[in-house]
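Undergrad: Handing you a structure now.
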Amino acid sequence: MSTAILTGPPAPGSSLDGDLRSLGFDVKAASGAADAGALLSAVPAGERVALVDPRFVGHVHALRLALTDPRFPAAAAPGAITAQSGARPALARALGAAGDAGTDDLTGALADALDADGVSVHRPQLGTLVATVPTDAEARHAARAAVAAVDDEAVRLRSAVKAHDGFFTTFFISPYSRYIARWCARRGLTPNQVTTASLLTALIAAGCAATGERGGYVAAGVLLLVSFVLDCTDGQLARYALKYSTMGAWLDATFDRAKEYAFYAGLALGAARGGDDVWALALGAMILMTCRHVVDFSFNEANHDATANTSPTAALSDRLDGLGWTVWARRMIILPIGERWAMIAVLTAVTSPRIVFWALIIGCAFGACYTTAGRVLRSVTRKARRTDRAAQALADLADSGPLADVVRGQLSRTGIVRLQPLVLALIASGALLAAVLGRPFGSRQVIVAAVFYVVFSAAAVARPLKGALDWLVPPVFRAAEYTTVLVLAARSDEPQALPAAFGLVAAVAYHHYDTVYRIRGGTGAPPAWLVRVTGGHEGRTLLVTVLAALLADRGDDFTLALTALAVAVALVVLVESIRFWVSSGAPAVHDEGETA
């Protein structure tokens, strides 16, 4: 239970007490600043406390935004301020000082004092919502008229929708999904429940696709769109009801990948029932999508807090975003999640899995080239100094394991590490993929190339990744590892090797996505022991090449080895990930999903 303390006697005819109670606050009235301090100290330490000027006039949703958002330790709006447990001591100190000094705007003075004390106070953008403290009857009458002139429920519904989203989502989903979100909120449903419903719907869709029948494909396409509507609804419900949580952010982000990749597997199984083997295409689509996302994550982390972060290319992009139709064109051509899922759903219903995967690969490849080229141009024209935090985030995204640590120590006094990290990563990956593609399956020379990959990939991360293009190092490693698994499985001539490789890449990709979400949540990378146990990208790559060489002539043993490795990696990373996110002390957030 949260507590709201009115800093004086309520104004006659005010609905403030009822409004605060409707938001879940236990309301207490103080006679002044000193009495408010006593009431504040009596509230249990772990509870949220709000101080509200009794003269406050405004919309209930303005109070909701200012006083109930769980993402911020302290927040304020005109006439109201709130503090969660971590900011309570600073609020008590500020209230004591304000009581001694005396002020007509107590809540405003408290917010300024918290800022001065090092506690960041969130001040929500209210837009047309009213939040004010009138000082006389005329001003109160005008404020009440202003409140009556604006429908705060309409504002609340509009603000539940992401400000920047794709064309399909904006014009074909959000116009009605926001009302589904409100329906869910009024029935006490949580965003996590809606997220889980979206996952279950997508898994049923994947099962329908796996039947290999035309009716199953049609049902799969319809259910995939329903799953996407629910996927939009969970975020809108979180924004509508301000029900943000660390668990919700994790579920929303990871379930998106689980849904999409499960549907790929369903399509591949359905195609196999019809005699068409498309597992290589399914795995290729998953690799392309994952590498594209790693490009996005790495670029954003590299420039998250860079100083002097200016670029002529970025300025041009900002100008194009102000030209109306170019905004939607640029959002659509990168095939964001809404357009992508709509394309997959429609093509699943009317064509074949092979056509679905080729359309997906071509569309995503174009989008990846477009976005990567733009980010490369921004990076080479940008005057930026990257921080130690950015360099550490890129090192964490690289996922270098114990072999890299050993080799890096041996290379510290050699000339190899003087080369640019991206050059070293490209040399390592290029040599590995050339051997995997150019040598027969099971060739011992592929192992030599994998050892070369270990050495040069370790050298690539021997120095802090602060160069203009060093954010490309993690995606290069992802492409090398995943593609090696794909090519070796495809060339093994074992019928179930590609499905096993799909499972292995899915498990490893989950680990890499989990790393991203931990960094985004401000909790840092996964523990070092997890990276050691899973081997790092270079260790897993070397292991797969060794297994291919040793088991090349032993029937289905390579498939069994890939399956065992996939199960082992999945168990380790899932157990640790679930343990972390369930017990995490990370601040409440809500992942906004894939950017448009």
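Heads up: the sequence shown is residues 32 to 627, going by our numbering.
C-beta atoms are modelled at their ideal positions from N, C-alpha and C, and glycine is treated no differently.
Model, not experiment: these values are computed from the prediction.
Per DSSP, what are the beta-bridge partners of Thr226 in this structure?
TA: Answer is none; Thr226 lacks a bridge partner.
Undergrad: Per DSSP, what are the beta-bridge partners of Phe56 in this structure?
TA: Paired residue(s): Ser33.
Undergrad: Nearest CA to the CA of Glu569: which residue from Asp436, Ala592, Tyr207, Glu607?
TA: Residue Asp436 is the option with its Cα nearest to Glu569.
Undergrad: According to DSSP, Gly89 sits in a beta bridge with which residue or residues?
TA: The partner list for Gly89 (beta bridge, DSSP) reads Ala162.
Undergrad: Nearest to Ile375 by CA position, among Cys263, Ala313, Ala459, is which residue?
TA: Selected option, being the one with the closest Cα: Ala313.
Undergrad: Examine the Cβ distances between the stretch 228-236 and the stretch 278-294 and report whether three or more of them are shorter than 8 Å.
TA: The stretch 228-236, when compared against the stretch 278-294, does touch it at the 8 Å Cβ threshold.
Undergrad: Is it buried or exposed for Asp622, if we count other Cβ within 10 angstroms and need 16 for buried?
TA: In this prediction, Asp622 has a pLDDT of 46, which is less than 50 and means its spatial position is unreliable; nothing more can be read from the coordinates.
Undergrad: Output needed for Ile36: all residues of its chain with C-beta closer than 6 Å, excluding positions within five of it in sequence on either side, in chain order.
TA: Answer for Ile36: Lys59, Ala61, Ala67, Leu70, Leu82, listed in chain order.
Undergrad: Go ahead and pull the three-state DSSP assignment for Pro536.
TA: Note on residue identity: the sequence assigns Val, not Pro, to residue 536. Helix.
Undergrad: Please list, in chain order, all residues of the same chain as Ala396 whose beta carbon is under 7 Å from its beta carbon, the five residues on each side excluded.
TA: Excluding sequence neighbours, Ala396 sits near Leu319.
Undergrad: Is the CB-CB distance between Leu428 and Ser329 below 8 Å?
TA: Yes, they are a contact pair.
Undergrad: Report the residue from Phe483, Ser608, Leu591 whose alpha carbon sits nearest the alpha carbon of Val562.
TA: Ranking Phe483, Ser608, Leu591 by Cα distance to Val562 puts Ser608 first.
Undergrad: Here's a check: name, in chain order, each residue in its chain whose Cβ is nearer than 8 Å to the Cβ of Ala129, leaving out the five neighbours to either side.
TA: Counting only Cβ-Cβ distances below 8 Å, and skipping sequence neighbours, we find Ala64, Leu137, Ala140, Leu141, Ala144.
Undergrad: Spell out a yes or no on whether the stretch 211-224 and the stretch 259-267 are touching, meaning 3 or more CB-CB pairs, one atom from each, closer than 8 Å.
TA: With a cut-off of 8 Å, the stretch 259-267 and the stretch 211-224 count as touching, because enough Cβ pairs lie within range.
Undergrad: Looking only at DSSP bridge pairs, what is Leu82 linked to?
TA: DSSP output for Leu82 lists Ile36, Ile112 as bridge partner(s).
Undergrad: Which one of Ala599, Gly149, Gly219, Ala168 has the shortest CA to CA distance from Gly566?
TA: If we check each option's Cα against that of Gly566, Ala599 comes out closest.
Undergrad: With DSSP as the reference, label Trp612 as helix, strand or coil.
TA: Trp612: helix per DSSP, three-state reduction.
Undergrad: DSSP has His153 in a bridge; who is on the other side?
TA: Beta-bridge pairing links His153 to Ala106.
Undergrad: Find the nearest neighbour of Thr277 within the set Trp310, Val164, Gly369, Phe103, judged by alpha-carbon distance.
TA: When only C-alpha atoms are compared, the closest one is Phe103.
Undergrad: Tell me whether Glu244, by its Cβ, gets closer than 7 Å to a heavy atom of the ligand GDP.
TA: For the ligand GDP, the structure offers nothing, since it holds no ligand at all.
Undergrad: Alpha carbon to alpha carbon, what distance is there between Thr200 and Gly624?
TA: Any answer about Gly624 is weak, because its pLDDT of 47 lies below 50 and its placement is not dependable; what the coordinates show is given next. So the alpha carbons of these two residues sit roughly 12 Å apart.
Undergrad: Which of the three DSSP states, helix, strand or coil, is assigned to Gln441?
TA: Here Gln441 sits in helix by DSSP.
Undergrad: Rounded to the nearest angstrom, how far is the Cβ of Phe198 from that of Arg323, given a contact under 8 Å?
TA: Wrong, their Cβ atoms sit about 19 Å apart, outside the cutoff.
Undergrad: Please classify Phe202: is it buried, with 16 or more other beta-carbons within 10 angstroms of its beta-carbon, or exposed?
TA: Result: exposed.
Undergrad: Rounding to the nearest angstrom, what Cα-Cα distance links Ala289 and Leu230 in this structure?
TA: Answer to the nearest angstrom: the Cα atoms are 8 Å apart.
Undergrad: Pick helix, strand or coil for Ala299, following the three-state DSSP scheme.
TA: Helix, per DSSP.
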